[in-house]
Each structure stands twice: as C-alpha cells, then as structure tokens.
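According to the numbering used here, the residues represented by the sequence shown are 73 to 172, in order.
So the structure is just underneath, and the comments pick up after that.
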Amino acid sequence: MSIHSRGLDFLRDVDVRLSVELGRTQMKLKDVLALGPESLVMLDRMTDELLDVLVNGKPIAKGEVVSHNGRFGLRIVEMLGVEETAAPDDALGLPGESDS
73 MSIHSRGLDF LRDVDVRLSV ELGRTQMKLK DVLALGPESL VMLDRMTDEL LDVLVNGKPI
133 AKGEVVSHNG RFGLRIVEML GVEETAAPDD ALGLPGESDS
C-alpha cells in the first residue's frame, strides 16, 4: 500500500492541540512564589505584535486577538512556512516525495 494511493485524507481526523502564545518571561523561583492576586507579570511581547499560533508546540501561524459574542477569538493574519510555489506534497515535508 502506497501513501499516494490513499492520499493523506485519513490524517484529517487526527486530534492536535492548537494553542496561542501571548508571550513569555523568565523569573526566579522566589519571584514566582511571591505572585498573588493583582501581581503583574511583564511578558516579552509588545501589545501591537501578532501572537504565535502553535499546533502541538510547533509555530504554524501568527494572529491577532478578536472578540466574538463575548469570547476571545483569534484572526489568522499570516501562515508560517508556506511557500506559494511549493507543490502540496513538498509543503508536507514527507520523505521520498521529491522529484530528485
């Protein structure tokens, strides 16, 4: 059985974890232990920067926060690592799929 005969459609139902990273910081343990209500933790990202969208920990896109019906949402602004001239199989990075 070849991967070409079935295509990759069977992967469409695989669950993945999508997360959005607001920012990061490093703190000493004593400072973490001192956190409490109304503590302020400064992150490494500016308020006007796009947020990282990750699938299973790997960055795939950048987006911006939106509000929809009282809930947070994310509008995708940019996809990462997508080359417009790449063939569909090349974009997946599958071994043995190149023409060479």
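Just so you know, even glycine gets a beta-carbon here, dropped at the ideal spot from N, CA and C.
This structure is a prediction, so every number in the text was calculated from the model and none was measured.
- On the premise that residue 123 lies in contact with residue 94, defined as a C-beta separation below 8 Å, what is that separation, rounded to the nearest angstrom? 6 Å
- If residue 146 sits next to residue 92, beta carbons under 8 Å apart, how far is it from one beta carbon to the other, in whole angstroms? 6 Å
- Query: Using the C-alpha atoms, what's the distance from residue 129 back to residue 140?
  - Reply: 25 Å
- Message: Between residue 113 and residue 135, how many whole angstroms is the CB-CB distance? I'm expecting something under 8 Å.
- Response: With 8 Å as the limit, residue 113 and residue 135 do not qualify as a contact, their Cβ atoms being about 22 Å apart.
- Task: Return the residue from the list 144, 85 and 151 that minimises the CA-CA distance to residue 131.
- Result: 151
- Short check: CB of residue 96 to CB of residue 126, under 8 Å? no
- Task: Have a look at residue 100 and residue 119 and give me their C-alpha separation to the nearest angstrom.
- Result: 24 Å
- With DSSP as the reference, label residue 31 as helix, strand or coil. Limits of the chain in this structure are 73 at one end and 172 at the other, which puts residue 31 out of reach.
- Item | Given residue 56 as reference, the closest of 137, 111 and 109 once Cα atoms are compared | Because residue 56 is not part of the residues shown, which for the chain are 73 to 172, the question remains open.
- Item | Contiguous alpha helix (DSSP H) assignments of at least 4 residues, all confined to the region 95–147 | 101–105
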